[in-house]
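Notes for the one structure printed next.
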Amino acid sequence: MMKRSKRLSAPETPDAQAHKKEGDRSWLKIQMDSEGYQPPRGGVILLQVLVGLLFFVFVVRFWYLQVHRGEEFARQAQENRLRLERIFAPRGRILDDRDKVLADNRTAYGLSLTREDCHDIPATLAQISLWSGIPLPQIWEKYHQDRFKVKSFEPLLLITDIDFDLVARIESEIYAWPGLEIVVRTKRSYPEKELFAHVLGYVAEANEQEMSNDPALAMGDLVGKQGLELELEKQLRGHKGLYDVEVDAHARVLGKTLREEPRGGHEMRLSLDRGLQQAAWDALGGAAGCVVVMEPDSGKLRALVTSPAYDNNLFAAGISQRDWDALRTSKRFPLQNRVIQSVYPPGSVWKLVMAALFLERGISPRESVFCSGQVKLGNQIFRCWKRGGHGSMNMESSLINSCDVYFYLLAERLGIDKLEEFAKASGFGKPTGIDLPHEKSGLVPSRQWKKRRFGRPWVRGETYNVSIGQGYTLVTPVQVAVYVAAMLNGGDLLKPQLLDDAPRVVQSRIPAKPETFRFVVDAMRKTAGVGTARVVGRKDADMGGKTGTAQVVKLKMAAGDRRLRSSEMEYAQRDHAWIATWGAKNGKSYVVVVMVEHGGGGSSVAGPVAKKVYDYLFGPDTGAPPPAAPPAARRQTGEERAN
Amino acid sequence: MDKRLFSYINWGLLACMLLLYFLGVGNLYSASGTRLGEGLAFAGFYQRQLIWGVCGLVCMLLAMSFDYRQLRNLAWPFFLVTLALLLLVPVAGKTVYGAKRWLSLGFMSIQPSELAKLAVLVLAARLLARDGRALGWKDFMAVLAVGLVPSALVITQPDLGTTLMILLILGGMILFHGVKGYVLKTCLLAAPCAAAFMWFVGMHDYQRQRILTFLDPGNDPRGTGYHILQSRIAIGSGQLWGKGFGEGTQSQLRFLPERHSDFAVAVFGEEWGFAGCVALVTLFCLFLLAIFSTAVQAKDRFGSMLVVGVFFYFFWQIFINMGMVIGLMPVVGIPLPFISYGGSATLVNFTLLGIVLNVSMRRFMFKG
């Protein structure tokens with residue numbers, strides 16, 4: 006109002022007169038308002054209201070953001086700025102019982118790409134292909150696969166395991182490729198390759214599921230996928246350290262302070278002996294099969310060989326699709342750990358279980374059965390492996406000679422229910438609890454099982470088959486080793502241990518008298534001395550064994566047909582060769598179980614393998630008598646046999 | 025030119041304007057700093073803004089040097105030339121970021137849509153200055169057409185921000201001048217329909233997305249919502265007294281996008297806090313009031329309408345830009361006068377204020 010009244014009084018001032026004159030002199034004709042201009046009243050109010058509104062709205066809003074919620078936003082700004090960076094902790098090494106390194110860490114160089122810093126991704130990927138020799142489509146594939154697993158300002162690992170010469174070359178040229186960075190990672194290496202592949206398993210980069218299950222894992226972390234690497238993941242992995250990293254919005258690092266030191270994983274020493282493992286591997290000579298060597302008193306495993314195997318370094322480095330397909334589709338199943346993941350009919354090795362059962366069920370070892378070479382059941386004929394028959398057989402001689410008829414008839418007398426009960430109590434039909442993944446249970450057939458599986462009732466002939474380890478019965482080699490060890494240690498079914506410092510763990514006990522165990526051990530000793538397991542017998546040590554030849558296919562043989570020789574059969578139809586043995590020398594005792602898939606006869610194929618294992622354990626046979634037999638065996642030979 | 029003219033200059037306006045300009049340069053100095061490891065690296069934005077400021081002052085003096093009433097005679101030619109240039113854009117324009125807005129003159133590029141704002145402002149001032157009666161339907165439509173014709177051309181470029189500015193400036197001027205009650209009521213009823221029409225027909229997907237994100241920024245924190253969230257964090261974390269000049273982590277560490285241009289005021293808010301923001305808002309309000317006082321003091325209706333046009337030119341930019349930065353408005357690419365970096369914007373701002381000062385200077389002339 007003040008201003009307006011001033012304006013109204015203005016024409017009277019001399020200044021205004023002067024201005025008017027100047028206006029008249031102006032070269033341009035200017036249209037003038039004839040009357041005094043009054044701004045529209047509504048407009049004047051509108052403008053003032055708008056300015057007032059602007060002030061009010063913004064001051065209130067700034068107060069809300071900066072004072073009312075200021076602390077909250079200040080915290081968010083701090084979180085923006087500080088990031089936690091993990092420091093890799095070295096994974097624990099794995100050693101054999103003599104500290105030979107089985108799983109090691111090595112430095113590997115890789116190349117990573119930070120998308121946000123890279124101006125021309127196609128050209129950069131093409132350059133990576135040029136450097137590394139990896140085909141461009143494969144790099145694109147990796148890029149597309151992992152692109153959204155990391156944020157655009159985080160490095161995306163594109164290739165790994167660049168050799169050192171190439172690293173030097175890339176380093177000299179990398180300045181021209183923004184966004185690329187050479188990264189150093191530790192990688193796992195397995196110097197023994199196939200020899201320990203199934204025991205150690207392998208590590209590989211954690212997948213999305215593993216990362217979501219375990220918050221400690223991040224993209225690019227190595228995690229155990231198979232074998233002990235998987236089972237011992239917690240001990241081996243160690244604990245990552247942490248840096249507080251101040252970063253800008255492009256994740257460029259401005260400064261680091263250590264918040265937590267990394268702690269390396271534990272070094273694990275196995276009970277396995279690399280030399281023994283190698284000897285067993287060599288003894289198998291490339292045949293498909295497996296060898297278990299176990300200490301019967303502690304349950305510690307000394308060798309665990311399965312053949313064929315694979316090179317676990319392939320997985321640790323990131324296996325190519327071609328290699329993976331080759332392994333997966335191989336007819337020899339190199340990915341199968343035959344010791345624990347394959348199930349086989351046990352064949353005559355099973356008679357060790359049956360004999361113990363018979364003794365526990367009150368059948369006298371002296372009761373004899375006449376073997377004529379076959380038994381008739383209805384119109385079915387069940388043969389003994391020996392065409393002409395064994396003649397009169399008692400329990401011991403039937404084990405030594407592996408007479409089938411003896412077991413047919415006595416098993417028939419007890420019935421399948423008792424067979425099933427005892428077999429299950431002896432550790433069959435369930436995992437042994439070994440610290441390796443994917444252990445199979447095997448199968449002890451029963452009436453209920455058959456009803457469930459086939460919808461038909463049990464028939465007597467099937468009891469015959471089960472009694473000699475054929476038919477539906479399926480076991481894993483490690484179960485056999487645990488059973489034999491229990492015979493020697495007095496009935497403790499031990500957890501097979503892979504670690505050097507593992508305690509003796511009794512999973513359960515076989516419900517049998519000590520005499521029963523002694524009888525079985527002694528029968529095995531005699532079998533190794535004069536019976537079917539002669540091949541492992543040696544003068545300088547106390548030895549025992551039982552062979553088995555497990556039929557894979559039920560061959561329909563009319564009376565008078567001769568059994569085909571292995572060499573005359575298709576590979577996949579040949580018998581599995583078994584031998585379950587024990588040996589003691591100089592106070593050390595071992596259980597050795599050998600299984601050769603489709604190998605043929607137990608004594609001719611599996612036996613020599615076991616013999617070579619003992620040659621490594623005890624040295625070549627010196628021919629000298631054993632200095633001292635283990636106490637269990639001694640007592641057995643003395644008193645027990647006299648009964 | 026009579027030296028005594030200077031005694032009538034609106035010194036308050038000049039002072040506000042220079043204060044804002046130097047605040048802007050200082051803020052740009054801080055916003056240009058980027059911490060890289062140790063120490064700060066500076067981009068040259070504040071230096072260039074200083075140079076543009078000098079050029080702007082020259083433009084301002086030029087805009088003050090002639091009698092503003094000559095603009096009335098130039099209004100139509102200026103408007104028609106601008107329309108011609110706008111028509112040329114689709115034919116001969118350069119495409120930058122998917123939009124055709126620029127005409128290359130060989131030695132420099134111009135943006136005819138920027139000229140359109142000024143041309144509409146001047147022509148509307150001329151048309152509205154004919155008499156002081158509230159507008160009936162006929163006059164209202166005539167004035168509106170002055171804005172709608174160039175708007176239709178600008179929006180196809182596409183340039184939503186400029187179109188909005190043209191229509192808002194024009195609308196402000198019409199409201200200031202006054203319209204008949206029934207026209208106003210009809211327009212108020214028609215506004216929601218027009219908004220719906222814009223939403224479904226006139227907008228691109230990315231523009232719709234911006235409005236949706238504005239309504240719920242948490243929805244898309246790494247995409248469109250990132251700007252809004254980071255700018256709110258920047259301003260909010262300034263708290264009462266700010267982090268201090270050059271200490272803003274959000275801007276120094278580049279979490280804040282567009283911190284030189286559209287989001288420059290967020291840098292200011294982070295470093296000067298609530299106290300600084302209130303001071304800045306107060307300064308802007310004083311600045312607007314200074315323009316307003318010139319509008320009411322003007323000797324003639326044309327001068328007054330010109331100044332009102334300039335008032336709205338600044339008012340809407342301040343309102344929309346600050347509103348956007350503090351999350352009251354969707355993200356629209358409109359800079360904050362004097363605070364945001366921009367060469368041509370600085371030139372236009374100074375030129376328009378030159379015209380306001382021109383009107384204030386000559387408020388006592390030719391009074392018969």
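Sequence order for the protein chains is G and C.
Each residue of the first sequence is one higher than the last, beginning at 6 in the working numbering.
Each residue of the second sequence is one higher than the last, beginning at 25 in the working numbering.
No residue lacks a Cβ here, since even glycine has one placed at the ideal position from N, Cα and C.
For clarity, every value in this text was computed on a predicted model and none was experimentally measured.
Taking the beta strand (DSSP E) that A585 (chain G) belongs to, which residues open and close that run? 581-590
CA-to-CA distance, Q346 (chain G) to L309 (chain G), given in whole angstroms: 13 Å
I'd like the list of long-range same chain contacts for R640 (chain G), defined as Cβ closer than 6 Å, with 5 residues on each side in sequence excluded. Caution applies to R640 (chain G), whose pLDDT of 40 falls short of 50 and renders its modelled position unreliable; the model cannot decide the point.
7 Å Cβ shell around C389 (chain G) - same chain, five flanking residues per side excluded: C376, G378, Q379, H395, C408, D409, V410
By Cβ distance below 6 Å, which residues in the same chain neighbour R283 (chain C) in space, the five residues on each side in sequence not counted? A55, S275, V291
How is G202 (chain C) classed by DSSP in three states: helix, strand or coil? coil
Whose CA, out of C:R93, C:G77, C:I379, lies closest to the CA of D324 (chain C)? C:R93
Would you please verify whether the beta carbon of P160 (chain G) is less than 8 Å from any beta carbon of chain C? no
At which residues does the beta strand (DSSP E) containing M398 (chain G) begin and terminate? 396-398
According to DSSP, is P516 (chain G) helix, strand or coil? coil
Whole angstroms are fine: how far does the CA of I405 (chain G) sit from the CA of V535 (chain G)? 8 Å
Roughly how many angstroms separate the alpha carbons of G383 (chain G) and E467 (chain G), rounded to a whole number? 13 Å
May I have the straight-line CA-CA distance separating V320 (chain C) from L172 (chain C), to the nearest angstrom? 27 Å
Does any residue of chain C have a CB that is nearer than 8 Å to the CB of F63 (chain G)? yes
L42 (chain C) in three-state terms, based on DSSP: helix
Taking only the alpha-carbon atoms, compute the straight-line gap between R125 (chain C) and Q135 (chain C) and give it to the nearest angstrom. 6 Å
CB contact flag (A292 (chain G), V601 (chain G), <8 Å): yes
Using 10 angstroms around the beta-carbon of I187 (chain G), count the other beta-carbons present and answer buried if the total reaches 16, otherwise exposed. exposed
8 Å Cβ cutoff met for F308 (chain C) and G80 (chain C): no
Quick check on DSSP: helix, strand or coil for S407 (chain G)? coil
Pick out whichever of G:G246, G:G47, G:R96, G:L205 has its Cα sitting closest to the Cα of P267 (chain G). G:G246
Beta-carbon separation (whole angstroms), L264 (chain C) vs G184 (chain G), contact threshold 8 Å: Not really, about 41 Å apart at Cβ, beyond 8 Å.
Determine the chain G residues that contact I257 (chain C) at a beta-carbon separation under 8 Å, and present them in chain order. F78, Q81, A82, N85
Return yes when the Cβ of R66 (chain G) is within less than 8 Å of the Cβ of L199 (chain C), no when it is not. no
Does R74 (chain G) have its Cβ less than 8 Å from a Cβ in chain C? yes
If we count the other Cβ atoms within 10 Å of its Cβ and call it buried at 16 or more, is L327 (chain G) buried or exposed? Sequence inspection shows Arg at residue 327 (chain G); the Leu mentioned does not correspond to that position. It counts as exposed.
Chain G partners of R283 (chain C), CB-CB under 8 Å? Going along chain G, no residue has its Cβ under 8 Å from R283 (chain C), so there is no contact; the nearest lies around 10 Å.
Should the region 432-439 of chain G be regarded as contacting the region 490-501 of chain G, the criterion being three or more beta carbon pairs within less than 8 Å? yes
If we require 3 or more residues per run, which beta strand (DSSP E) segments fall completely within the region 66-101 of chain G? 87-92
Status (buried if at least 16 other CB within 10 Å, exposed otherwise) for S31 (chain C): exposed
What residues of chain C sit near F67 (chain G), judged by a beta carbon separation below 8 Å? I259, G293, F298, C301, V302, V305, I350
Assign L37 (chain C) to one of two classes, buried (16 or more other C-beta atoms within 10 Å of its C-beta) or exposed (fewer than that). buried
Counting Cβ pairs closer than 8 Å, one from the region 461-477 of chain G and one from the region 319-337 of chain G, do we hit at least three? no
If I measure Cβ to Cβ from K105 (chain G) and keep anything under 7 Å in the same chain, skipping five residues before and after, which residues do I get? R279
So what does DSSP say about N382 (chain C), is it helix, strand or coil? helix
Environment of A629 (chain G) [buried if 16+ CB atoms lie within 10 Å]: exposed
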